[in-house]
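Colleague: The structure follows.
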Amino acid sequence: MCIYRNKKKHTKKKKQKKFGNTNSTSLPTMSSDNDLKHALAVTPFAHMVPKQGLYGLVCPSPLPQVESPDTKHGIKQIDLDSEEVMTLLGNDLLEANDPAVFFREFSKTHHPTSSPIPLASTELQLLKSPIHYVNPLSTSVQCPRLSVRKKYNPTEMDHHNKTYEKKFNKASTSELKVKRPSPPPPAPETARKLVKLAPTTPNLTDLLDNKSFEEILGLINAPGIDLNIDQSKRVLSVCKSYLSTTKDHTSASLSACVCIATIMNKNVFNMSFRVDDTFTEVGACVYRFVHTILPDSSDLDISNLCKLLRELGFIGTGALCDEDSLTKLEISAIHILFEESFPTNDFSSLRHAAASFITDVYHGCHTQRRFLLNELSTNFLRLPTKKTEARNYRTHRGFNISVFTTVAIKFSQEEDDANVLAGELISRVTTNFDTTAKSLLELLVEDLIQLLRFCEWAASAALLSGLANAMLTTNTPQSEVFFLELLGTICANVYDIKKHMGPTIYQELSDECTRYGTETDVVYMTKMFGSSKKSYIELLLHDLDKFCNSFLTSLCKWLNSPKIKLKTKAVKVLSLLSDKQPNLLNSKVLQSALSARLCDDATSVRDAVYEFIGKYIKAHPKEADNFHTSLCNALSDEGVSVRKKAIRLTKEIYPMFSKTSRISIAAKMLKRLNDEEESIQKEAASMLVGCWMTPSNQAISEMITLAMSHHKTQEALQTFLDGYVLQENSVDFLIDTLLDMVGDDSSSKEGPLLLLSVCSTSKPQLVGQDQLIALQPFLTDSNNITTKSYQYGLRILKSVLPLISSLRPQFIDPVQEFLFAKLTKMTKKELHEAVPSLWQLCKIKSDFTKLVNAVISTMKMIWKYKSEPDVRLAKLIQLLACLVKHCDLEPFHDMFLKANLGLKKNETVVSLAVKYILTFCDKSSSVRSSAVTNLLVACSNSPRILMSPPVLTVFDQSLDSTPETIKSLLQTMIDFIQERDKVSVAATTSLEDIVDDACPGLVQRYIERILALSLADKGQLAYLPFQFVQVALDLGFANPKICISTIIALEASLETIVHCSAVAMHQKLFDKHESLVDSNYHESIRKAYDAGLTSPSFFNSIYTIIYRSKTSRNKFLIALTKVLTLGNARFLLFCVNRIAATNFKFTEDVLVVLTHLQDQIRVDGADLDQPQAISICALIELYRHLTTAYKISDEQVEAYATGASDIDSKHPIKTKTHDRLDLTWITENLNNPSCLAECVETITKFT
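So the sequence shown is numbered by our numbering: it starts at 1195 and just counts up by one.
This is how it looks when you write it as structure tokens:
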């Protein structure tokens, strides 16, 4: 053995010497191996390109270093002609096992039967060797390869050259990627041993003869037993023979296949096993088993098939399998992955094995990638949509994902393949966009997002980024909303991962990846790190960060989209993102786009914006006050769903606002108690009860502030307390707290007394004797006279006394005496509260003497100052009117007769009082205003006297007098008709009916005169005429037909309060009397012009109310066409300016106006005078403005006029250009006759 080893060393040394001689001067010198590669690949030598793998030829294994000869013992010479030496060298060659050399199939040769050339035994052995490296030529051809039988053009040859150069470069610079670890490096030459054959297994032959493949497989995998080459080849031969002859493709066949795969896997680097037909029968067997036997067997053992697929993963490394067999195996594995009809219960393990095989082949054989990618994307839509069925792959970390996700991520580990696969998947989803496609894509994205956090699945970031960018660039109307939602989810999760996943040390990640992942996962993560100094999270999310930036830019565009669903979804996505990234709202572009959506025409869009605001406030309570205005607008929104959601949201976030903001919100909420939707009324009441009806001084303070803010708010608060609180809830805490506030000297008494008066008015039983006694010090304090708080205290007394039958003298006497003493010093409002209280106190005491004497004294004092008016005369007239109104004085007729006041026996006390007051109602009286006002007060409970000619004549004259007198009378009339259902204590039931009849009579007599006053009122009458019209209409005393045109005309007022009130009344009348309103537009426009009401938004206000009704729109447009006629040029300009400022909602409406304008403009300019010509110029300017603003061509106007329009005229207008209509030149030349020629020229050019 020692001699053999020395001979071998010497032989290798000689061989090395030969290799060194190849670089002699007789051959051209090559600078590098690349020159050889290029030389073999260029076109002129195409026919010389080998048909086998060139890796071993191009990059041969380095030769072992030859040991220096031992000179002491001398160098032994080897006789190369010796048969023994050549035999040993030949055996060494035959048994060589170099993993870098791959033998492929060559053309079949014939063994020479006889040869004139003598052959050595080694040469004969090489030719007769049982190694099957000479086989029939395979019928399958792998591309790309050049054929000597074909002709190629330069383009194809160039493509071939690049392909092979790339392959050679890759093979030269990287190790083979195989599933099994590379063999250990060769031992030093001194320790090299001959191939050690395993001891002969006694029962192998029997097992082979009996075709016991299961036992053979066990023997192959048995520890400590290694089959030698001959034994392995014999097993391969028997298995292949069995597979080619048997028709029973069940467990035995699969066992035979597993034996073949195991042996080939163990000898993957042995070139003597590299033959093309090894897997032919394996591929055919697996294909038939999967497609024929497996679907029809429910209790079939699939363990061998699982083993086989796992063992076959190595065939993707290098050229180890023919194309046909590999394709069959791939198709079978894909069928296993996506087929749902297999009856076996334990199918998950088989799917896992198939996935493992597919990914191994994908990584090992680049020529198969395009095919596998296509198959994966094609079968995507075949996956189950239920999460429990779809997520059938359990990871090493213990959670489940889809096996499709697993394969897709493994494929994405190859460069650029993630984007290719993502593009294919999105393309198939959009092509077959349905519920299934949406569910599957959602499941895939959810899996990828879940896997982003784990380093062994790092390639999920590449695939997720590819999907996101593909969706972002896909503009398919049917899928854009779904894609937007999915993109928002991806972006939000990227922000979340960046926020919660900190930097991680590379070594920790590598260890974790090795623990939970595979070798390819480790390689991918290592490649991702490279030499970068960035953190893992930065590298992982690099592409996704770019996507997020692009997505936010696109989100602004979607927020301004004309599509309602897209805008709504964009708002919801922004809401989702703001939870993860609050600083997003710092963007002015996003702020602007979001603010615009608050005024969006679509209810769903506004609903989404307010929902977003609510979420944002919950997450950032300190910024709540910045959104209270938006929330108030939501509470008044025209959309029912918006109002309802705003109320529910307010209930949750109400405590987060400051007191000022809470007051504003509560005021809006009180208005919802009168909402037309009953459900909203209940929601609003529930919210207020929940926020206020708690034992909290803060809630009481808010109610006080609301009660003091505005009389309408006070009325709404009273409605709330009366309908939802005082009748159902215990309010003892509220009453006690208010009384404590009144008794506290340090606090203001006005607010608590006002709220207490509101409560006592709604439910007088809340205040009893004890509470009145507690108020006595306040009621008898002269310092409180003429203050608002004293008025509220008297109102409490007035409300409570009618329900009290007895009171302590200690309370009645001081209070009664104090009130009698201060009557002449009280204000008008205080008198209307104090006199009824005095009457009730007299009733409780059953003593009216003091009260009757007070009336008599008042009349005498008035008569005393008849000839010489005193400053106190107005106060006395006022006191007399209050006493007559609130006290039933007829039972004391005799006392008035005895007083010598001029009372006749058949005359009533009221008529006597009216006579006294009428004395001061003429034009010469200095107290005429007070006398006229109190005349109506005195007649309040006497309708016959009220409607008598002398009284009505006074009212007629007063409405034509000074503004002060008009204002006083109108205010008294308003108070009178508002109290129509508030019957005086002294009135009887029959009298109530008469009073009710007097109200409409008074309104109908003066309504037209007051309507004229409302149009002429520029503030000098404090807009009381318009207020009278409002009250009369609300209470049903006025005829709407008479009032509608004036109310619409008042929308043109420049005074905000009048304009807004007129718009609100118009909306209310339109809802109740639509057809009646529609017939008054033309008259309203003329009234507004005549009254000098010049609001530019006049027509737009009308159109905003009626645009939802097609009938009303048509009538309004007819009215516009009537006013756009030649005549009064100034009136025409008035209408033209307001039409230009109208935001039409439908193209058809604009076309109606444009068609009419065309008809008016097409006239002969020679027949026009200057006013007509300049009017037509104004119409031309309006025509140009409308066509430009709404992007309508002349041809479209002509087509609409003839009924041949090809545009959807009924479709809502999406955009309008807001250009200003400039009529300066026309306005300046209205009265300039010399401009006629220029006007005619303009008309001629246009027509």
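All C-beta atoms, glycine included, are put in the ideal place defined by N, C-alpha and C.
All values derive from a computational prediction rather than experimental measurement.
Are there any heavy atoms of the ligand ZN lying less than 6 Å away from the beta-carbon of Pro1946, as far as the coordinates show?
Modeller: This structure lacks the ligand ZN, and indeed carries no ligand of any kind.
Colleague: Rounded to the nearest angstrom, what separates Ala1612 and Asp1737 at their Cα positions?
Modeller: Position 418 of the sequence shown, counting from 1, holds the residue named residue 1612. Position 543 of the sequence shown, counting from 1, holds the residue named residue 1737. Using only the alpha carbons, I get a separation of about 12 Å.
Colleague: Give the straight-line distance between the Cα atoms of Lys2054 and Phe1914, rounded to the nearest whole angstrom.
Modeller: Sequence index remark: in the sequence shown, residue 2054 carries index 860 (1-based). Sequence index remark: in the sequence shown, residue 1914 carries index 720 (1-based). If you take the alpha carbons of Lys2054 and Phe1914, they lie about 46 Å apart.
Colleague: Under 6 Å Cβ to Cβ from Gln2366, same chain only, skipping five residues before and after it: list those, please.
Modeller: Reading the sequence shown from its first residue, position 1172 is the one you call residue 2366. Leu2320.
Colleague: Given this structure, state the Cα-to-Cα distance separating Leu1681 from Leu1619, to the nearest angstrom.
Modeller: Counting from 1 along the sequence shown, the entry for residue 1681 is found at position 487. Counting from 1 along the sequence shown, the entry for residue 1619 is found at position 425. The alpha-carbon atoms of Leu1681 and Leu1619 are separated by roughly 15 Å.
Colleague: Hey, how far is the Cα of Arg1374 from the Cα of His1560?
Modeller: Indexing the sequence shown from 1 puts residue 1374 at position 180. Indexing the sequence shown from 1 puts residue 1560 at position 366. Reliability fails at Arg1374, whose pLDDT of 42 lies under 50, so the model's placement of it is uncertain and the value that follows must be treated cautiously. Near 18 Å, if we compare the C-alpha coordinates of His1560 and Arg1374.
Colleague: Can you tell me whether Val1335 is buried or exposed, with buried defined as 16 or more other CB within 10 angstroms of its CB?
Modeller: Your numbering for residue 1335 matches position 141 in the sequence shown. With a pLDDT of only 39 at Val1335, under the threshold of 50, the placement of this residue in the model should not be trusted, and no figure is reported.
Colleague: Which residues in the same chain as Ala1664 place their Cβ atom closer than 6 Å to its Cβ, once the five residues preceding and following it in sequence are excluded?
Modeller: The residue given as residue 1664 occupies position 470 in the sequence shown. Excluding positions up to five away in sequence, the list reads Ala1616, Gly1617, Ile1620.
Colleague: Taking the C-alpha atoms as reference points, what is the distance between Cys2115 and Lys1982?
Modeller: As a first step, residue 2115 must be located in the sequence shown, where it is residue number 921. As a first step, residue 1982 must be located in the sequence shown, where it is residue number 788. The alpha-carbon atoms of Cys2115 and Lys1982 are separated by roughly 30 Å.
Colleague: Using 10 angstroms around the beta-carbon of Val2065, count the other beta-carbons present and answer buried if the total reaches 16, otherwise exposed.
Modeller: Position 871 of the sequence shown holds residue 2065. Result: exposed.
Colleague: Would you say Ser1596 and Asp1641 are within 7 Å of each other, going by their C-beta atoms?
Modeller: Stepping through the sequence shown from its first residue, residue 1596 is reached at position 402. Stepping through the sequence shown from its first residue, residue 1641 is reached at position 447. Yes, they are a contact pair.
Colleague: Comparing C-alpha positions only, which one of Ser1426, Leu1413, Tyr1984, Phe1407 sits nearest to Leu1437?
Modeller: Taking the sequence shown and counting its residues from 1, one reaches residue 1437 at position 243. The shortest C-alpha separation from Leu1437 is found at Phe1407.
Colleague: Determine whether the beta carbon atoms of Ser1550 and Arg1591 lie at a separation below 7 Å.
Modeller: Reading the sequence shown from its first residue, position 356 is the one you call residue 1550. Reading the sequence shown from its first residue, position 397 is the one you call residue 1591. Cβ atoms of Ser1550 and Arg1591: not closer than 7 Å.
Colleague: Excluding the 5 residues preceding and the 5 following Gly2195 in the sequence, name in chain order all residues of the same chain whose CB lies nearer than 7 Å to its CB.
Modeller: Looking up residue 2195 in the sequence shown gives position 1001. For Gly2195, where only same-chain residues beyond five positions count, the Cβ hits under 7 Å are Met2141.
Colleague: Please report the straight-line C-alpha distance between Leu2287 and Glu2202, rounded to a whole angstrom.
Modeller: Counting from one through the sequence shown, the residue named residue 2287 turns up at place 1093. Counting from one through the sequence shown, the residue named residue 2202 turns up at place 1008. C-alpha separation (whole angstroms): 19 Å.
Colleague: Hey, Leu1638 and Thr1589 are a contact pair by Cβ (cut 8 Å); roughly how many whole angstroms apart?
Modeller: Translated into the one-based positions of the sequence shown, residue 1638 becomes position 444. Translated into the one-based positions of the sequence shown, residue 1589 becomes position 395. Not quite, the Cβ-Cβ distance comes to about 15 Å (not below 8 Å), so this is no contact.
Colleague: Determine the extent of the alpha helix (DSSP H) in which His1529 is found, giving its start and end residues.
Modeller: Looking up residue 1529 in the sequence shown gives position 335. Note, His1529: alpha helix (DSSP H), 1517-1532.
Colleague: Go through the stretch 2075-2113 residue by residue and report every complete run of the beta strand (DSSP E) that reaches 3 residues or more, in order.
Modeller: Complete beta strand (DSSP E) runs here, min 3: none at all.
Colleague: On the DSSP bridge assignment, give the partners of Pro2406 in chain order.
Modeller: The residue you call residue 2406 lines up with position 1212 of the sequence shown. Pro2406 pairs with Phe2340.
Colleague: Reducing DSSP to helix, strand and coil, say where Asn1977 ends up.
Modeller: Position 783 of the sequence shown, counted from the first residue, corresponds to residue 1977. Residue state, collapsed to three classes: helix.
Colleague: Just how far apart, CA to CA, sit Leu1825 and Phe2149?
Modeller: Looking up residue 1825 in the sequence shown gives position 631. Looking up residue 2149 in the sequence shown gives position 955. Approximately 47 Å between the Cα atoms of the pair.
Colleague: Under 7 Å between the Cβ atoms of Ser1942 and Arg1989?
Modeller: Within the sequence shown, residue 1942 is the residue found at index 748, counting from 1. Within the sequence shown, residue 1989 is the residue found at index 795, counting from 1. Contact flag unset, no.
Colleague: Where Ser1704 and Lys1727 are concerned, what is the direct C-alpha to C-alpha distance, given to the nearest angstrom?
Modeller: Position 510 of the sequence shown, counting from 1, holds the residue named residue 1704. Position 533 of the sequence shown, counting from 1, holds the residue named residue 1727. Answer to the nearest angstrom: the Cα atoms are 16 Å apart.
Colleague: Go ahead and label Asn1687 buried or exposed: buried means 16 or more other beta carbons lie within 10 angstroms of its beta carbon, across all protein chains shown.
Modeller: The residue given as residue 1687 occupies position 493 in the sequence shown. Under this definition Asn1687 is a buried residue.
Colleague: Take Phe2325 and list the residues in its own chain whose beta-carbon comes closer than 6 Å to its own, dropping the five residues that flank it on each side.
Modeller: Within the sequence shown, the letter at position 1131 stands for residue 2325. Same-chain partners within the cutoff: Tyr2283.
Colleague: If we count the other Cβ atoms within 10 Å of its Cβ and call it buried at 16 or more, is Ile2160 buried or exposed?
Modeller: Taking the first residue of the sequence shown as 1, we reach residue 2160 at position 966. Classification for Ile2160: buried.
Colleague: Buried or exposed, going by whether 16 or more other CB atoms sit within 10 Å of the CB of Thr1333?
Modeller: Along the sequence shown, one-based indexing puts residue 1333 at 139. Here Thr1333 scores only 41 on pLDDT, less than 50, and its place in the model is too uncertain to base an answer on.
Colleague: At which residue ranges does the stretch 1986-2013 contain complete alpha helix (DSSP H) runs of 4 or more residues, listed in the order of the chain?
Modeller: Listed in chain order, the alpha helix (DSSP H) runs fully inside the stretch 1986-2013 amount to none, counting runs of at least 4 residues.
Colleague: What three-state label does DSSP hand Ile1595 in the structure shown?
Modeller: Counted from its first residue, the sequence shown places residue 1595 at position 401. Strand, per DSSP.
Colleague: Along the alpha helix (DSSP H) that carries Phe2292, what are the first and last residues, could you check?
Modeller: Locating residue 2292 in the sequence shown gives position 1098, where the first residue counts as 1. From DSSP, the alpha helix (DSSP H) with Phe2292 extends over 2292-2300.
Colleague: Name the one or two DSSP bridge partners that Arg1588 has.
Modeller: For the purposes of this step, residue 1588 is taken as the residue at position 394 of the sequence shown. In the DSSP output, where bridge partners are listed per residue, Arg1588 has Asn1594.
Colleague: Pull up the distance between the alpha-carbon of Glu1517 and that of Gln1562, whole angstroms please.
Modeller: Reading the sequence shown from its first residue, position 323 is the one you call residue 1517. Reading the sequence shown from its first residue, position 368 is the one you call residue 1562. Approximately 10 Å between the Cα atoms of the pair.
Colleague: Just mark Glu2389 as buried or exposed, buried being the case when its beta carbon has 16 or more other beta carbons within 10 Å.
Modeller: In the sequence shown, the residue the question calls residue 2389 occupies position 1195. Result: exposed.
Colleague: Measure the C-alpha to C-alpha separation of Leu1900 and Asp1934 and round it to an integer number of angstroms.
Modeller: Locating residue 1900 in the sequence shown gives position 706, counting from the first residue. Locating residue 1934 in the sequence shown gives position 740, counting from the first residue. When rounded, the distance between both Cα atoms is 19 Å.
Colleague: How far does the alpha helix (DSSP H) with Arg2280 in it reach, from first residue to last?
Modeller: Mapped onto the sequence shown, residue 2280 falls at position 1086. Residues 2275-2284.
Colleague: Exposed or buried, Leu2248, counting other C-beta atoms within 10 Å across all chains shown (16 or more means buried)?
Modeller: Your numbering for residue 2248 matches position 1054 in the sequence shown. Label assigned to Leu2248: exposed.
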